[in-house]
Amino acid sequence: MTATKTGSRRLGLSLGTRIFLVTSLLIALSVGAAVAVTTILLRRIAGDAALESLKSSAAVQATYQAERYERLKLISRLFVSDPNLVAYFAEAAATQQIPSILDALGDGQQELGFDFAILLDPNGRVVARTDNPNATGQDLSRRGLVAKALDEFEASGVWQEGGRLYYAVAVPLAKDFTVLGYLVTGFAITDVSALEVNRVSGADVAFLANGEGGPQIVATTLAAPMARSLTAMLGHSEKEMMDAMKAGRAVDRTEVTLDGDPWLALQEPLLDAAGKPVGATVALASLARELAVYRQIQSVLLGAGVAAVLLAPLLAFALTQRTLGPVRRLLAAAEAARQGDYSQKIESDRDDEVGRLAHA
Numbered sequence: 029m030t031a032t033k034t035g036s037r038r039l040g041l042s043l044g045t046r047i048f049l050v051t052s053l054l055i056a057l058s059v060g061a062a063v064a065v066t067t068i069l070l071r072r073i074a075g076d077a078a079l080e081s082l083k084s085s086a087a088v089q090a091t092y093q094a095e096r097y098e099r100l101k102l103i104s105r106l107f108v109s110d111p112n113l114v115a116y117f118a119e120a121a122a123t124q125q126i127p128s129i130l131d132a133l134g135d136g137q138q139e140l141g142f143d144f145a146i147l148l149d150p151n152g153r154v155v156a157r158t159d160n161p162n163a164t165g166q167d168l169s170r171r172g173l174v175a176k177a178l179d180e181f182e183a184s185g186v187w188q189e190g191g192r193l194y195y196a197v198a199v200p201l202a203k204d205f206t207v208l209g210y211l212v213t214g215f216a217i218t219d220v221s222a223l224e225v226n227r228v229s230g231a232d233v234a235f236l237a238n239g240e241g242g243p244q245i246v247a248t249t250l251a252a253p254m255a256r257s258l259t260a261m262l263g264h265s266e267k268e269m270m271d272a273m274k275a276g277r278a279v280d281r282t283e284v285t286l287d288g289d290p291w292l293a294l295q296e297p298l299l300d301a302a303g304k305p306v307g308a309t310v311a312l313a314s315l316a317r318e319l320a321v322y323r324q325i326q327s328v329l330l331g332a333g334v335a336a337v338l339l340a341p342l343l344a345f346a347l348t349q350r351t352l353g354p355v356r357r358l359l360a361a362a363e364a365a366r367q368g369d370y371s372q373k374i375e376s377d378r379d380d381e382v383g384r385l386a387h388a
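Residue numbers for the sequence shown, in this note's numbering: 29 to 388.
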């Protein structure tokens, strides 16, 4: 009967082996969970840092744009505040002395620093413009900036000229409370403009114009491959941003892929004086770059986790040997007693349950 029971017992892992495996597994799971949770938290922190950079960029761009308009208004008013110059413009316009007007506008451009100037008659027709000397007689009265100036005497907004964008203002030329014409001046939006925003906010910036063939980058801090990837993405895959640009809407936050790398983007419209969208600014923060700051922490944690997993079996083995040594001696004594040998002596220096059992 006893032999039958003994033979029917299932062979399995020893108690020590089971304790060893369970201990190792628990340590590995604990370390793995800690690494996984930390990785998720670091990604979230990096994403939040990127978003803060984008919000800062949007605020800096708004401030920079307001400063450009205000500066243009000041220098334009200063330029037309000379009554002798106003009278000279009026006389030269009446006698079609366009070269003389262009010379005067060119002198003002060099002295005051604006990038282009247009002198208009009271009806919004070009008398002279520095960027196109042959445009005399061109009707600009329907351009948003000019139309608003004709109604309200002054106006400011983004001016699009072909593939270029300008911060522009229009101010009146008046003598004895009679409007003799309007002066339009502008600062070009260039890579320097984008770099100034980048220096303050830390985010990369791209200024885009609504071109006939799709969006066109006019200024950016992005490297050439990234800039090409942004243009291609807007033209083909990123319909939300493209539709928002055409409609003059902002895009608060979206994830994009540029040249294979993940980026976070925030888009703001660029509007002319009439509120019509002429382009957009896209602030960009590289998630890979933000994560790089935390990768060292992640690498250290991962290294510590790997070391802990590798050491876990050794520690579990030592613990098992220490814990089950007296139990094995008790088992040997019990088996000897079953054979009739009661002379077994069990040595133990422990005072826990196993120790008390050994002394019993």
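Note that the Cβ used here is the ideal one computed from N, Cα and C, for glycine as well.
- Taking the C-beta atoms as reference points, S128 is found no nearer than 9 Å to A311.
- Considering only P200, Y195, T206, the residue with the shortest C-alpha distance to A237 is Y195.
- Of the candidates D289, G190, G214, the residue whose Cα lies closest to the Cα of L102 is G214.
- For F107, the three-state secondary structure derived from DSSP is helix.
- For S314, the enclosing beta strand (DSSP E) covers residues 305-314.
- Beta-bridge partners assigned by DSSP to E189: R192.
- Around the C-beta of D300, 16 or more other C-beta atoms lie within 10 Å, and the residue is accordingly described as buried.
- The beta strand (DSSP E) runs of length 3 or more contained entirely in the region 113-158 are, from start to end of the chain, 144-148, 154-157.
- Its chain contains Y195, F215 as the residues whose beta carbon lies nearer than 6 Å to that of R96, once the 5 sequence neighbours on both sides are disregarded; these appear in chain order.
- In this structure, the alpha-carbon of A118 lies about 23 Å from that of S184.
- Closest by C-alpha distance to Q188, out of K304, L315, P150, A64, is K304.
- The DSSP-derived three-state label of L236 is strand.
- For Q89, DSSP assigns no beta-bridge partner whatsoever.
- Residue nearest to D280 within the set D287, G288, M269 is M269 (criterion: CA-CA distance).
- K203 is bridged by DSSP to T206.
- For I217, the three-state secondary structure derived from DSSP is coil.
- Here I68 is exposed: its Cβ has fewer than 16 other Cβ atoms, across all protein chains shown, within 10 Å.
- The C-beta distance from M254 to L298 rounds to 20 Å, too long to meet the 8 Å contact threshold.
- L339 counts as exposed, since fewer than 16 other beta carbons sit within 10 angstroms of its beta carbon.
- In this structure, the alpha-carbon of L140 lies about 28 Å from that of R170.
- At a cut-off of 4 residues, the continuous stretches assigned as alpha helix (DSSP H) that sit fully inside the region 243-281 are 252-264, 267-275.
- For A313, same chain residues with a beta-carbon under 6 Å away, outside a window of 5 residues either side, are A78, S81, L82, A231, L292 in chain order.
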